[in-house]
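Student: Residues 196 to 309 in the working numbering are what the sequence shown spells out, letter by letter.
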Amino acid sequence: MIEAKAREADRHIVIGAAPVPLSRLRHIEAREHHVHVTLDGESLTQRARLGDIVAQTAPEDGFQPHRSWWVAAQAGGRTEKDGLKHVLQLQDGTRIPVARTRVDEVRDWLERHA
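(1) Within 10 Å of its beta-carbon, does Pro-254 have 16 or more other beta-carbons around it, so buried, or fewer, so exposed?
(2) Check the C-beta distance from His-229 over to Arg-242 and give it rounded, since I have them as a contact under 8 Å.
(3) Checking 8 Å against the spacing of the C-beta atoms, do Leu-305 and His-222 come in under that value?
(4) Let me know the secondary structure DSSP gives Leu-234 once reduced to three states.
(5) Would you decide whether Asp-235 is buried or exposed? Buried here means 16 or more other CB atoms lie within 10 Å of its CB.
(6) Please work out which residues of its chain come closer than 6 Å, Cβ to Cβ, to His-281, disregarding the five sequence neighbours upstream and downstream, and give them in chain order.
(7) Of the choices Thr-240, Gly-257, Glu-224 and His-308, whose alpha-carbon is the least far from that of Ala-212?
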């Protein structure tokens, strides 16, 4: 069990050419041909496709509330309504759009992983 947790803590994903520790990842936003990655205390922008990054993660690592975003489980958060739109309010104050078709899926994921 301890070995499994140690391996989990050492997991990395590759973003562009940069290995990124999954434990430091908070959220990723796709911006045209690049992704903007927010980590603990820093951010980086790399030329990469969000789909390629998400393919390196497991379902329990995080979720996609919107086609342009991926949010790590450790980012925490709750859904809110902003007018007619739904948003995901993260613990760090970041507000992320939630696609209308994914509202229930996002709520379910948050309940299962809270």
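All C-beta atoms, glycine included, are put in the ideal place defined by N, C-alpha and C.
Tutor: By the coordinates alone:
(1) An exposed status is given to Pro-254, since fewer than 16 other beta-carbon atoms sit within 10 Å of its beta-carbon.
(2) Right, the Cβ-Cβ distance comes to about 5 Å (below 8 Å), so this counts as a contact.
(3) no
(4) strand
(5) exposed
(6) Thr-274, Val-293 and Val-298
(7) Thr-240
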